[in-house]
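Here the working numbering is used: the first residue of the sequence shown is 1, the next is one more, and so on. No residue lacks a Cβ here, since even glycine has one placed at the ideal position from N, Cα and C. So the structure is just underneath, and the comments pick up after that.
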Amino acid sequence: MSLKKTAKTIAMTAALVALPMTASTAFASNGEAVYNKTCKMCHARGMAGAPKLGDAAAWKGRIGQGMDTLYTHAIKGFKGKGMMPPKGGNSKLSDDDVKAAVDYMVEHSK
Ligand code: HEC
């Protein structure tokens, strides 16, 4: 293989490798988009006892339950002192959308 051809192959491989990386970035921003659209109205201000985004103290104990519990509570709803509606009240969201939003919230509240 000539040097030029090898360089071309490397460039093409790099382009292929870059694709899944773009896809995972899209996934992360999807969580943010879901949060902004559905969860923010309660979780930005701590309405009705909702743990606020970025409030590490409010999230610490909740994160301690484990991500699976948080996912389940966000998808099916959860009643503590306040009331977390199933899927934040938006039944059109898929379970994965809700999980992505939980990931986004937890990631920004540590
Ligand atoms: C109508 C207001 C409201 C909306 C909209 C809302 N939440 Fe909540 N959420 C709450 C309240 C209130 C709590 C706290 C419940 C408690 O512990 O008393 C809560 C708690 C949670 C918890 C912690 C559950 C636990 O086990 O401690 C997670 C995770 C969560 N919400 C995720 C979400 C996600 C994801 C969305 C958007 C898809 C969302 N919430 C939308 C009000 C809301």
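**Message:** Within 10 Å of its beta-carbon, does Ser109 have 16 or more other beta-carbons around it, so buried, or fewer, so exposed?
**Reply:** buried
**Prompt:** Which same chain residues, not among the five before or five after Leu93, have their C-beta less than 6 Å away from its C-beta?
**Reply:** Lys87
**Message:** Measuring straight from C-alpha to C-alpha, what distance separates Asp68 and Lys4?
**Reply:** 50 Å
**Prompt:** With 16 as the cutoff for other CB atoms within 10 Å, does Asp97 come out buried or exposed?
**Reply:** buried
**Item:** Within 7 Å, strictly: CB atoms of Gly82 and Gly49
**Value:** yes
**Other residues of its chain near Asn30: CB distance less than 6 Å, five sequence neighbours each side excluded** = Ala100
**Asked** For Met67, which beta-bridge partners are listed by DSSP?
**Response** Note: Met67 sits in no beta bridge, so no partner.
**Item:** Where the alpha helix (DSSP H) through Ala44 begins and ends
**Value:** Here Ala44 belongs to no alpha helix (DSSP H), and DSSP marks it neither H nor E.
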